Amino acid sequence: MSTEPLAAEHAPEGRVFYRSQILRRQLILLALVAALFVSLCVDLALGPARYSLNEVISALFAPNSVSQQARVILWEIRMPTALMALVVGASLSVAGAQMQTILNNPLASPFTLGISAGASFGAALGLAFGVAIIPTAIEFVVPINAFLMAMVTAFLIHALSLKRGVTVETIVLLGIAMVFIFNSLMALIQFFASQQAVAAVVFWTMGSLTKATWPKFWLALGILIAVMPLLARHGWALTAMRFGDAKAESMGVNPRALRLEVLVLVSLLAAIAVAFVGTIGFIGLVGPHIARILLGEDQRFFLPGSALCGALILSVGSVISKSVIPGTIIPIGIITSLVGIPFFLFLVLNHKKASW
Amino acid sequence: MVTLQLTRVSARYGRQVIVQDITTPRFEGGQIVALLGPNAAGKSTLFRRILGLLKGDGEVAIAGTRSERPVAYMPQDTGATAVLTVYESVLLARMQGRNLRVQNDDLAQVERALTELNITALSDRDIGDLSGGQRQLVSAAQALVQEPDILMLDEPTSALDLNRQVNLLGVLRRLADERHMLILVALHDLGHALRYTDAAMVLENGRLITCGPTEEVITPALLREVYRVTGRIESCSRGQPQLIIEGAV
């Protein structure tokens, strides 16, 4: 070492490998986009009235070339649901990815931190008793309650995390405590609610894309589009957070400020997603882990990769939910848990390199 | 040339004062200053105070800087599990505060840092697969790649084998001599301090016990009173001071 000259000596092999890695990741992102398009088309094709992929593609790019009935079914009925799957999947996955990053914990996600449970509790209040946390039009009571409770949970966790001596491990434990608290409150609501209301609450907590409408889709998409660049501009700092607070600080990052900003942004993503389609678990856990295995943790690729993986998982989940029992759409939350987790375990157990 | 001077500097975590009343002479670029003292003496806290991460009274005066980020700090190793290669990890340190577009100059600086620390062979390895000693060298590269005027390293040799310890300290010596960096390094090995550093500060219980040229600071009395060991310093055949530890007090 000491015999090496001080002047810059290029290490072409290092740069060549780095460049090839960048190219590989760009290709993986492109492949994910292509897979997403295929999945979207299949999702649109499936339903009580089945269409071929050719018909779907014609309806997408030349709507006048298909029958009016096909146009109405594909564009007005199936499209909002199919697109909502992409946006919700992307939102939950990005939320999970950044929670894992800022808390430096592989188990962090909107589901495990209690944000989804908080949203479910808010929704249940509206569904069972018609309680509106803030006065609003009757059709928005459930999503707004869910949104508000999700945000309250996120801020509660953050406020507790600011207490002296609280570590990132403690924050995850706080999240788990939140899950138990809200689950207990949900049980209490179901105990006092009418049978009809209990059925509505249970269905809501299963998570279903059939709640999607165009206005909800545009709002969820708008928030995702607004949040992504705000996260992306912290790309280097977020990547540094994976080295721990002390190391990130030594690189000039302010971990506390960054953690607060990112927690607010990702809570917003998670809250909107849960508010519109109910509780869909595990996307926020599985999406980022798959993205991490495929793309590593350089946020320039990990952030879009997480969004694409989450979107793809939920879109494929939507396809499966329509295919298992012909004519019946199984709530997507059930599918993501049943299919996502074994797939996740398969990936983690069969992947030679550490994914965390 | 960069200079650093501390005047009545204290540092606190919340209301708890960890380091107090530290006053030093003016250190200059080209010098290596050893930060010595037993465990929990306040060495890491003082580094964090100089970096501006902790609040406290007194003045940290840094002048004559040329770099955008004049002070780089290598904290003690706490492990890393990020799914990143060594090359990416060093690039990451370089890119903090910059936009997402990586320039060729940034890559050249990464390669320079890796070359200087003789770890180019590790470029493609995942950071999580490295040994503690290898991680420590990557950590040093992360500090070096920032092209600082003042480089602070917190126990950089603690996980290195003897060969790598000597090599790393040799690299620091060259950086000080050829790039005129001011280097502050926390060390437990007083023999290394005697051989490679120009000045030394000794902390105990958050206070500065003594500060000056290393040869004058490390004395049998210091060994006995601060480190609780008996020993002596002798000149070797090449005239360099050599530390001989005899036993614990």
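Protein sequence lines, in the order shown, are assigned to chains A and B.
In this text, residue positions in the first sequence follow my numbering: the first is -7, and each later residue adds one.
In this text, residue positions in the second sequence follow my numbering: the first is 59, and each later residue adds one.
Ideal placement from N, C-alpha and C gives every residue a C-beta, glycine not left out.
Here the structure is a predicted model, which means the values were calculated and not measured.
Identification of residues in the stretch 296 to 312 of chain A having a C-beta nearer than 9 angstroms to some C-beta of chain B yields an empty set. Nearest C-alpha to His281/A among Leu337/A, Ala232/A, Thr205/A: Leu337/A. The alpha-carbon separation between Gly114/A and Met141/A amounts to approximately 5 angstroms. Residue state for Thr272/B is assigned as helix, using DSSP reduced to three classes. Within the DSSP secondary-structure output, Met210/B pairs in a beta bridge with Tyr131/B, Leu242/B. Among the residues of chain A, none has a CB under 7 angstroms from the CB of Pro206/B; the nearest is roughly 11 angstroms distant.
Interface residue (Cβ-Cβ distance to chain B less than 8 angstroms): Gly244/A is classified as such. The continuous alpha helix (DSSP H) containing Asp163/B extends over residues 162 to 174.
Taking Val287/B as reference, the option from Glu117/B, Ser125/B, Gly191/B, Pro96/B with the minimal CA-CA separation is Pro96/B.
Using beta-carbon distances, Pro278/B does not count as an interface residue toward chain A, since no partner is under 8 angstroms. Here Tyr131/B really is in contact with Met210/B; their C-beta atoms are around 5 angstroms apart, less than 8 angstroms. Listed by position along chain B, the residues whose Cβ is nearer than 7 angstroms to that of Glu241/A are Leu111. Around the CB of Cys294/B, fewer than 16 other CB atoms lie within 10 Å, so the residue is classed as exposed. Taken in chain order, the unbroken stretches of alpha helix (DSSP H) that lie wholly in the stretch 37 to 84 of chain A and span 4 residues or more are 45 to 53, 60 to 63. Excluding its 5 nearest sequence neighbours in each direction, Glu117/B has C-beta neighbours in its own chain below 6 angstroms: Thr65, listed in chain order. Judged by DSSP in its simplified three-state form, Met59/B adopts coil rather than helix or strand. A Cβ-Cβ contact shorter than 8 angstroms links Leu252/B with Ile276/B.
Short of 6 angstroms from the beta carbon of Ala121/B, and not among the five residues preceding or following it, lie these beta carbons of its own chain, in chain order: Thr61. Per DSSP, reduced to three states, the secondary structure at Leu154/A is coil, with no helix or strand assignment. In chain order, Gly81, Ala82, Leu84, Ser85, Ile275, Gly279 place their CB closer than 6 angstroms to the CB of Gly302/A, counting only its own chain and leaving out the 5 sequence neighbours on each side. Of all C-beta pairs linking the stretch 148 to 163 of chain A to the stretch 125 to 133 of chain A, fewer than three are shorter than 8 angstroms, placing the two stretches out of contact. Between Gln204/B and Ala229/A, the beta carbon gap of about 14 angstroms keeps them out of contact (Cβ cut-off 8 angstroms).
A distance below 6 angstroms between beta-carbons, with the five flanking residues on each side excluded, links Leu117/A to the following residues of its chain, in chain order: Val123, Asn137. Residue contact check for Asp35/A against chain B: no CB pair falls below 8 angstroms.
It is roughly 50 angstroms from the alpha-carbon of Val219/A to the alpha-carbon of Asp247/B. Between the beta-carbon of Ala99/B and that of Thr255/B there is about 17 angstroms, and that puts the pair past the 8 angstroms contact cut. For the stretch 182 to 215 of chain A, the set of positions with a beta-carbon nearer than 8 angstroms to some beta-carbon of chain B is empty. Residue pairing of Gln300/B in beta bridges, as defined by DSSP: Glu292/B. Taken atom to atom, the span from the alpha-carbon of Ala26/A to that of Val144/A is near 37 angstroms. Under DSSP, Arg11/A forms no beta bridge with any residue. Note that the stretch 162 to 173 of chain B does not touch the stretch 32 to 48 of chain A; fewer than 3 beta-carbon pairs, one per stretch, sit closer than 8 angstroms. Residue-level contact check: Met59/B does not touch chain A, since none of the beta carbons of chain A fall below 8 angstroms from its beta carbon.
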